[in-house]
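Notes to accompany the following structure.
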Amino acid sequence: MKLNFFLKKRAQIFIDYEYQYTGGPRSFMMNLKKYLESQNFFTTKNINEAKAIFFATRYYLDKIKFIKERGGAIIQRLDGVYSFEIHGEGYQEIPDYKYAKEIYQNYTTHYIFQSEYSKKQCVYSYGEPRTSNVFKIINGCDTKKFFPSNKDFDPKAKVKFITDGFIRNLSMIEPMVLALDEVSKKFNIELHVIGKVEEDLKKHLDREYIVFHGLKDLDYIAKELRKADIYIFTQLNPPCPNSIIQAVSSGLPIVTFDSGSMKELLFFNEDLLAPLNNKLFHKNDDINIESLVEKIFLAITDFDKFKSNSLKNSKLYTLSKMGEDYLQIFKQVL
440 MKLNFFLKKR AQIFIDYEYQ YTGGPRSFMM NLKKYLESQN FFTTKNINEA KAIFFATRYY
500 LDKIKFIKER GGAIIQRLDG VYSFEIHGEG YQEIPDYKYA KEIYQNYTTH YIFQSEYSKK
560 QCVYSYGEPR TSNVFKIING CDTKKFFPSN KDFDPKAKVK FITDGFIRNL SMIEPMVLAL
620 DEVSKKFNIE LHVIGKVEED LKKHLDREYI VFHGLKDLDY IAKELRKADI YIFTQLNPPC
680 PNSIIQAVSS GLPIVTFDSG SMKELLFFNE DLLAPLNNKL FHKNDDINIE SLVEKIFLAI
740 TDFDKFKSNS LKNSKLYTLS KMGEDYLQIF KQVL
């Protein structure tokens with residue numbers, strides 16, 4: 440108890456784990472909280488005693504100003520950005536964009552990017568970081584929860600594909616099912632879809648080979664990943680998706696587009712990335728379904744090779760590695 444109390448008094452860094460975070464940022468914050476507390480590093484809930492503040496992308500500007508005026512550190516963990524290429528005219532008036540950019544340009548003292556691609560997006564949209572305190576920390580997940588299985592693979596029986604997450608735009612589901620429509624002509628397949636799907640996109644789930652699970656917790660997702668053969672992911676411009684980190688940790692070959700951070704994260708199975716052009720931001724018009732079909736067939740026909748590579752790299756992105764990297768920055772700041 441004395442040790443915990445002492446550390447709690449020392450760790451004068453303010454983190455509001457709850458805030459308004461949803462989806463990936465919320466999962467990240469809960470993972471970080473779990474790790475920090477496992478190391479007896481307890482953050483303060485009292486803004487008045489804080490010497491630093493940490494948040495994901497944006498936070499209340501008055502509290503950030505309060506810390507900055509006292510000479511404290513402003514640690515901003517960056518995510519994806521709004522852009523003209525994806526969001527069209529008027530994107531600069533979106534409140535989340537305006538707040539994140541203002542903090543980035545005028546207040547941040549320590550920048551943390553999730554990937555090199557995440558940094559490229561932010562530099563393009565917000566400008567170069569204003570200090571030399573720039574870090575890259577790739578997301579991690581709990582490998583006690585997400586780990587590989589010894590499932591046998593028999594393409595003559597059935598090939599089980601899986602995807603999960605918040606399916607909120609067309610690129611996250613339509614290319615996947617159009618490609619698997621072609622694959623289903625030659626192989627007996629299933630696609631397991633776990634997560635929330637926007638109502639206007641649910642029509643794409645109307646296939647006999649699709650099993651829709653709906654929104655589930657992480658324990659459920661982890662078990663389903665271990666039952667699957669191949670993970671498939673078609674989101675464009677992802678900075679560092681938790682679903683990919685979890686699939687890697689589950690030892691699954693991953694078929695996706697060469698978009699965003701995918702080549703950076705999946706360097707060990709680069710042959711399964713369907714090629715796209717070299718744009719910083721990809722759109723639906725850039726997608727080539729045929730190339731995705733080819734990569735899916737490659738994953739099936741050369742499964743043993745890709746599975747072996749996946750298993751060898753299943754402990755790349757652990758919660759302990761991610762957490763320790765953040766912890767070292769917090770200790771340095773304090």
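Read in order, the letters of the sequence shown correspond to residues 440 to 773 in the working numbering. Just so it is clear, CB atoms sit at the ideal spot from N, CA and C, and this is done for glycine as well.
What residues are listed by DSSP as bridge partners for residue i?
i, result
"residue 456", "According to DSSP, residue 456 bridges with nothing at all."
"residue 650", "631"
"residue 669", "600"
"residue 516", "495, 551"
"residue 712", "695"
"residue 740", "Answer by DSSP bridge pairing: none, since residue 740 is not bridged."
"residue 636", "606"
"residue 757", "580"
"residue 483", "453"
Excluding sequence positions up to five away, which residues of its chain have a Cβ less than 7 angstroms from the Cβ of residue i?
i, result
"residue 447", "Caution applies to residue 447, whose pLDDT of 44 falls short of 50 and renders its modelled position unreliable; the model cannot decide the point."
"residue 573", "550"
"residue 501", "none"
"residue 615", "602, 671, 673"
"residue 440", "The predicted model places residue 440 with a pLDDT of 43, which falls under 50 and marks its position as unreliable; any figure quoted below should be read in that light. Closer than 7 angstroms at the Cβ level, and outside the excluded window around residue 440, lies no residue."
"residue 466", "681"
"residue 462", "605"
"residue 770", "none"
"residue 460", "468, 495"
"residue 389", "For the chain, the structure presents residues 440 to 773; residue 389 sits outside this window and is missing."
"residue 507", "513, 546"
Assuming residue i and residue j make a contact with CB atoms under 8 angstroms, what is their CB distance in whole Å?
i, j, result
"residue 544", "residue 569", "7 angstroms"
"residue 539", "residue 497", "5 angstroms"
"residue 696", "residue 673", "6 angstroms"
"residue 651", "residue 644", "5 angstroms"
"residue 579", "residue 676", "That pair is no contact at about 21 angstroms."
"residue 490", "residue 773", "6 angstroms"
"residue 585", "residue 478", "Going by Cβ atoms, the distance from residue 585 to residue 478 rounds to 20 angstroms, so no, they are not a contact pair."
"residue 622", "residue 736", "7 angstroms"
"residue 556", "residue 678", "6 angstroms"
"residue 702", "residue 712", "6 angstroms"
"residue 720", "residue 524", "4 angstroms"
"residue 749", "residue 653", "Wrong, their Cβ atoms sit about 27 angstroms apart, outside the cutoff."
Report yes if the CB atom of residue i is closer than 9 angstroms to the CB atom of residue j, and no otherwise.
i, j, result
"residue 592", "residue 743", "yes"
"residue 601", "residue 636", "no"
"residue 513", "residue 548", "yes"
"residue 625", "residue 668", "no"
"residue 588", "residue 521", "no"
"residue 609", "residue 671", "no"
"residue 546", "residue 486", "no"
"residue 663", "residue 655", "yes"
"residue 708", "residue 693", "yes"
"residue 566", "residue 682", "no"
"residue 774", "residue 456", "Nothing can be reported for residue 774, as the shown portion of the chain is limited to 440 through 773."
"residue 471", "residue 492", "no"
"residue 700", "residue 553", "yes"
"residue 765", "residue 704", "no"
"residue 731", "residue 618", "yes"
"residue 534", "residue 739", "no"
"residue 666", "residue 760", "no"
Can you list, in chain order, the residues of its chain with a C-beta nearer than 6 angstroms to that of residue i? Leave out the 5 residues immediately preceding and following it.
i, result
"residue 474", "758, 762"
"residue 627", "597"
"residue 450", "480, 481, 482"
"residue 444", "Reliability fails at residue 444, whose pLDDT of 44 lies under 50, so the model's placement of it is uncertain and the value that follows must be treated cautiously. Cβ neighbours of residue 444 beyond the five flanking positions: none."
"residue 734", "694, 711, 713"
"residue 612", "606, 640, 643"
"residue 442", "The predicted position of residue 442 is uncertain, since its pLDDT is 46 and thus under 50; no value can be drawn from it."
"residue 660", "603, 633"
Looking only at its chain, what residues have a beta carbon closer than 8 angstroms to the beta carbon of residue i, apart from the 5 residues adjacent to it on each side?
i, result
"residue 754", "582, 688"
"residue 542", "497, 498, 500, 503, 513, 515"
Is it the case that the CB of residue i approaches a heavy atom of the ligand GDP more closely than 8 angstroms?
i, result
"residue 701", "Among the components modelled here there is no ligand, and therefore nothing to report on the ligand GDP."
Does residue i come within less than 9 angstroms of chain C when only Cβ atoms are used?
i, result
"residue 739", "Any reference to chain C falls outside this structure, which holds one protein chain only."
Whole beta strand (DSSP E) elements within the segment 528 to 606, 3-residue minimum
549 to 552, 573 to 575, 598 to 603
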